[in-house]
Amino acid sequence: MGALMTLSFQINAFMYGTKGLKILRFLAFAGIVASSVGALLAYSLHYYMMIAQYGFFMAAMAFSPYLFFGILTAIYQLIRGKKDRAAVAFAIGSLPSIVTTEFGITASLFFLMAYIIYQMEKKHRQHVVNVVAMFSKEYSPLYSHRLANKTKYKQYQAAYRLLDLIEVEDFELVKQVDTRYKDYRTNLPERTLTRTFKIKGIFGTTTVTDELYIAPQRKRWFPQRSVK
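If you count the sequence shown from 1, position 117 lands on 157 in the working numbering, and the numbers rise without skipping.
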């Protein structure tokens, strides 16, 4: 049991430490590049097979408009900063033709693999940044209130255990957007903080949103009042 606990601690220390985040980011990037190259090769063979089966004119007139529309929509979503929507738009544009050959299905599987790798790394990095943003003394706007509730909620206890494994000094706040609005379900004013962090040694930034509640929210229909 002691060995398992030690192993669990070492794994968590790697997963939530800055060095581990760097390695995971690099491995995810390598996996995305490799999957994307495989997808492009398979997609090229897919179009070659389509031309061989249906002829160039049929392939161009029947399937290219969908792909062209998908590419344009994906570029538009990228300009807006919606990376997830860009991937979905491109996938929808490619869908009408990829099921016609085995190479098209292979290409779709490679694209799906790249998307899953991207999402897994992104969600983990956002979780780490969220812990820093919500519970660290340096960045949490409700630090004292959440710390006072540490013993009441298992979610907060787990978050503070993870916080001990994170090098908070490697995180830098680069942007903050304070949004105030009225929740018409409860007829109460609400406030959220959307903040962007830069992690030392990791390319890019990570954005998280804090709804400023002082306790974990299980039901969105009956939210506990937050401290403003």
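No residue lacks a Cβ here, since even glycine has one placed at the ideal position from N, Cα and C.
From a predicted model like this one, the values you see are computed outputs, not experimental measurements.
Beta-carbon proximity list for residue i, same chain, < 6 Å, skipping 5 on both sides
| i | result |
| --- | --- |
| Val-169 | Phe-237, Thr-246 and Val-248 |
| Tyr-158 | Ile-72 |
| Phe-83 | Phe is not the amino acid found at residue 83; the sequence shown has Tyr there. Cβ within range, chain order: Ala-147. |
| Pro-229 | Lys-222 |
| Thr-113 | Ala-129 |
| Tyr-155 | Ala-127 |
| Lys-123 | none |
| Phe-109 | Gly-133 |
| Ile-115 | none |
| Val-217 | Thr-234 |
Contacting residues, own chain, Cβ-Cβ under 7 Å from residue i (five flanking each side not counted)
| i | result |
| --- | --- |
| Gln-117 | Arg-125, Ala-126 and Ala-129 |
| Tyr-56 | Val-168, Leu-202, Leu-205 and Ile-206 |
| Ile-242 | Leu-61, Lys-62 and Arg-65 |
| Ile-145 | Ile-138 and Val-139 |
| Ala-198 | none |
| Tyr-200 | Phe-175 and Lys-190 |
Exposed unless 16 or more other CB atoms sit within 10 angstroms - verdict on residue i
| i | result |
| --- | --- |
| Tyr-88 | exposed |
| Gly-95 | exposed |
| Met-98 | exposed |
| Arg-235 | buried |
| Ser-137 | buried |
| Arg-120 | exposed |
| Met-90 | buried |
| Gly-244 | exposed |
| Ala-92 | exposed |
| Ala-68 | buried |
| Ser-48 | exposed |
| Thr-46 | exposed |
| Ser-75 | buried |
Member of the options whose CA lies at the smallest distance from the CA of residue i
| i | options | result |
| --- | --- | --- |
| Arg-220 | Phe-211, Asp-210, Arg-231 and Ser-184 | Arg-231 |
| Gln-195 | Ser-75, Thr-140 and Val-171 | Val-171 |
| Phe-211 | Gln-50, Gln-197, Ser-176 and Pro-229 | Ser-176 |
| Val-77 | Phe-109, Leu-47 and Met-153 | Met-153 |
| Pro-181 | Phe-108, Tyr-253, Phe-54 and Ala-100 | Tyr-253 |
| Glu-161 | Leu-44, Ala-70 and Leu-47 | Ala-70 |
| Lys-215 | Ala-92, Tyr-179 and His-185 | Tyr-179 |
| Glu-209 | Lys-240, Ala-198, Met-45 and Gln-197 | Lys-240 |
| Phe-54 | Ile-111, Ser-75 and His-164 | His-164 |
| Leu-233 | Ala-173, Lys-59 and Leu-135 | Ala-173 |
| Leu-80 | Thr-191, His-185, Phe-151 and Leu-44 | Phe-151 |
| Ala-131 | Leu-187, Thr-141, Ile-111 and Gln-166 | Ile-111 |
| Leu-149 | Pro-105, His-86 and Asn-52 | His-86 |
Own chain residues within Cβ distance below 8 Å of residue i, not counting five before or after
| i | result |
| --- | --- |
| Trp-261 | In this prediction, Trp-261 has a pLDDT of 39, which is less than 50 and means its spatial position is unreliable; what the coordinates show is noted afterwards. Within the same chain, Trp-261 has close Cβ partners Arg-225. |
| Tyr-183 | Phe-175, Ser-176 and Lys-177 |
| Gln-50 | none |
Whole runs of the beta strand (DSSP E) within the region 151-231, excluding any shorter than 3 residues:
211-223
Along the chain, which unbroken stretches of the alpha helix (DSSP H) at least 4 residues long are found entirely within the region 103-142?
123-138
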